[in-house]
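Visitor: Please find one structure pasted underneath; my questions will follow.
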């Protein structure tokens, strides 16, 4: 059920367009299924802290991950559940981070969306928006210095994140260095509660591409096939040495900022507009229309995914919680340089 | 042969680049120009693939270093002035400082901060940031006061598996000379007993060590034997060395060029007061810069930070108490 790096590469190398669409679709469906379970856990009081969903952004996010290859670098942001799954994340590791299992990749030291596996090229985001862009640049610089060619680095940011200094510095740096960076701006119309009219004054965010001297593309983020097509092109162009690719996708966030937020401020007209379409429903209809799947198969997949997620929850809920008295309270790898109070007062 | 503090920094970087192909230098004007202070002079010529100019983007400079470090490189980032590191603050303290704790993946970066005041430098080219960075977990913060330490501690910083904030003092760049580069060195984390004494201890670091030595010389003429401890690194702080000195002298003056609220001098005095109160014959004394931005005019600047004169006056009061 869960995609692996190997299967992604195989897919890129020889599989048909239909298979690619179906594979990305399954990541979308898995993301939605997982997030629905996550909401239940949150409402049942099983999760400390917040829960942040990517509802409405699964097509774009999954398409980005499925455009990458083994060895590429991916720095997702909070609404990239589809991309994380598409990049090969085991839902158990996602759950371990949400539920604070010490067996998870962040070992209960960081939570919810702040998770990754740097050794696999899956970078763990921090909360400060834009700050992952130069980190991806750094991995790409390191690869280039070691003579490793053909790595692409991909990261995403929201409409609000484009207002940060870090976004500007990071994209400009990538442009100056001509790095194979794919930067996806997800214009989901709101940064928490702030509408785009209070965020930027340019006619279209893709206009920024010209200013940075990079390729720019716009995209309907609710259409899976369109996402796969445009992001596939962008990643290959980056891989071929054409420098950073700025892709601006339009869609609507179909949830609150987090599950604590009822999103009452979202304009009903936006919800009723094409931007407000649910990409999963759009993709399902397209699959049925083309005869690439049928209602029975879709329902079977959904059921398999529910079972997969429920079994992962059962596993992770049985795992131990962290023991604060056995925690290694040292923040340095150079243990000999830790201040004595790090150990004695922990 | 004689070598300045600044040349020692350049030589340490040349050695790091020559010894380890994972090392690179990235910062504003560090390439063919050789850096605003010439700390990277000729290095781009010797290592063209590994010494190059960044845009004026402190956040992206440090962020890029983090990405490269976690992918196996050992970047050296030159901030043009320590003061400008505030623009890259988020990447330093939240990204670099937290990375190993969060992920278990090492993040070996050396960030060089040309620090401290010189005459005429003013509010934004004079700051001492060591206390700010020492506050954050996950960072090593060093403050070399000698040519030998500038060299050996920079070489060691680049070899460490953690982010290191290397506070090199601009006032010492040209003022300080040594006969040769050191062949052996004290490790980071160990303070140095710069001068032995029995009547009082002055604990200091960076350029203030030289004011402390001048103070000790002045007071020697008045019959006092002053011990001078150079912290060398402020995080970790060599509490044992400070405590051992205070045990010998019973009196502590702690001097720093940074602002007075919190910081290194407060930390030293807290440790001595909490762990070695019985060693003290008199209340410890702190000496810091005035609590204003660093002034431009040399006359104002000359009294803004502690000097050997103000240090000697504070020391005399303490010695008589």
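Chains as they are written, first to last, in my numbering: chain A, 9 to 354; chain B, 140 to 460.
Where is the CB? At the ideal position from N, CA and C, for every residue including glycine.
1. Let me know the secondary structure DSSP gives residue 152(B) once reduced to three states.
2. Among the residues of its own chain, which have a CB less than 6 Å from the CB of residue 354(A), if the five just before and after it don't count?
3. Just to confirm the assignment: which complete alpha helix (DSSP H) runs, minimum length 4, are found wholly within the segment 93-165 of chain A?
4. Helix, strand or coil for residue 223(A) per DSSP?
5. Going by the beta-carbon positions, is the gap between residue 189(A) and residue 251(A) smaller than 9 Å?
6. Going by C-alpha distance, which of 306(B), 329(B), 343(B) and 382(B) is nearest residue 222(B)?
7. List the residues that DSSP assigns as beta-bridge partners of residue 308(B).
8. Residues of chain B with CB under 8 Å from residue 133(A), in chain order?
9. Would you call the CB atoms of residue 156(A) and residue 138(A) closer than 9 Å?
10. Kindly indicate which three-state DSSP category residue 238(B) falls into: helix, strand or coil?
11. For a cutoff of 9 Å on Cβ pairs, would you count residue 347(A) as touching chain B?
12. Quick one: which chain B residues come within Cβ less than 8 Å of residue 145(A)?
13. Quick check on the burial criterion: 16 or more other C-beta atoms within 10 angstroms. Buried or exposed for residue 388(B)?
14. Below 9 Å between beta carbons: does that hold for residue 348(B) and residue 367(B)?
15. Taking a Cβ distance cut-off of 7 Å, strictly less, list which residues of the segment 165-190 of chain A are near chain B, in chain order.
16. Quick one, which of 408(B), 371(B), 161(B) and 214(B) has its alpha-carbon nearest residue 284(B)'s?
17. Of all the residues that make up the segment 211-241 of chain B, which are near chain D by a beta-carbon distance shorter than 7 Å?
18. If residue 147(B) sits next to residue 290(B), beta carbons under 8 Å apart, how far is it from one beta carbon to the other, in whole angstroms?
19. With H, G and I counted as helix, E and B as strand and the rest as coil, what does DSSP make of residue 10(A)?
20. Can you list, in chain order, the residues of its chain with a C-beta nearer than 6 Å to that of residue 42(A)? Leave out the 5 residues immediately preceding and following it.
21. Taking only beta-carbon positions, decide if residue 371(A) is within less than 9 Å of chain B.
22. Just to confirm, is the Cβ distance from residue 332(A) to residue 111(A) under 9 Å?
23. Taking C-alpha atoms, which residue in 265(B), 271(B), 424(B) and 251(B) lies nearest to residue 216(B)?
24. Answer yes if the segment 165-178 of chain A comes into contact with the segment 228-244 of chain A, meaning at least three C-beta pairs across the two stretches below 8 Å, and no otherwise.
25. Is residue 75(A) near residue 243(A), with beta carbons less than 9 Å apart?
26. Helix, strand or coil: how does DSSP classify residue 385(B) here?
27. Is the Cβ of residue 354(A) closer than 9 Å to any Cβ of chain B?
28. Do you know how far the Cα of residue 260(B) is from the Cα of residue 334(A)?
29. In whole angstroms, what separates the C-alpha of residue 127(A) from that of residue 377(B)?
30. Could you compute how far the alpha carbon of residue 190(B) sits from the alpha carbon of residue 156(B)?
31. For residue 436(B), I'd like the list of residues in its chain whose CB is within less than 8 Å of its CB, leaving aside the five on either flank, ordered along the chain.
32. Report the rounded CA-to-CA distance for residue 440(B) versus residue 187(B), giving the unit in angstroms.
33. Anything in the segment 277-291 of chain B with a Cβ closer than 7 Å to a Cβ of chain A? List those residues in chain order, please.
34. Do residue 442(B) and residue 391(B) count as a contact pair if the criterion is CB distance below 9 Å?
35. For residue 301(B), decide whether its Cβ has a neighbour in chain A, counting only Cβ atoms nearer than 9 Å.
36. Who are the Cβ neighbours of residue 249(B) in its own chain at under 6 Å, not counting the five residues just before and after it?
Guide: To lay it out plainly:
1. helix
2. Summary for residue 354(A): the model assigns pLDDT 39, below 50, so the residue's position carries little reliability; its value from the coordinates is reported in the next sentence. Cβ neighbours of residue 354(A) beyond the five flanking positions: 337.
3. The DSSP assignment places complete alpha helix (DSSP H) segments of no fewer than 4 residues inside the segment 93-165 of chain A at 99-107 and 140-153, in order along the chain.
4. Strand.
5. yes
6. 306(B)
7. 254(B)
8. Within 8 Å Cβ-Cβ: nothing; residue 133(A) doesn't reach chain B, min ~10 Å.
9. no
10. DSSP places residue 238(B) in helix when its eight states are reduced to three.
11. yes
12. 199, 202, 203 and 206
13. buried
14. yes
15. 173, 174, 177, 178, 180, 181 and 184
16. 371(B)
17. The structure shown contains no chain D; the protein chains it does contain are A and B.
18. That belief holds up - the Cβ atoms of residue 147(B) and residue 290(B) are roughly 4 Å apart, short of 8 Å.
19. In this prediction, residue 10(A) has a pLDDT of 43, which is less than 50 and means its spatial position is unreliable; what the coordinates show is noted afterwards. Residue 10(A): coil per DSSP, three-state reduction.
20. Around residue 42(A): 99 and 317.
21. Nothing can be reported for residue 371(A): it is not among the residues displayed for chain A, which extend from 9 to 354.
22. no
23. Checked all of 265(B), 271(B), 424(B) and 251(B); the closest Cα to residue 216(B) is 251(B).
24. no
25. yes
26. helix
27. Below a pLDDT of 50, predicted positions are generally treated as unreliable, and residue 354(A), at 39, falls in that range; the measurement from the model is reported next regardless. With 9 Å as the cut-off, residue 354(A) does not count as an interface residue toward chain B.
28. 49 Å
29. For residue 127(A) and residue 377(B), the distance between alpha carbons rounds to 35 Å.
30. 9 Å
31. 259
32. Near 40 Å, if we compare the C-alpha coordinates of residue 187(B) and residue 440(B).
33. Taking 7 Å as the Cβ-Cβ cut-off against chain A, the residues of the segment 277-291 of chain B that qualify are 277 and 279.
34. No, the Cβ-Cβ distance between residue 391(B) and residue 442(B) is not below 9 Å.
35. Yes, contact with chain A.
36. 215, 296, 297, 303 and 305
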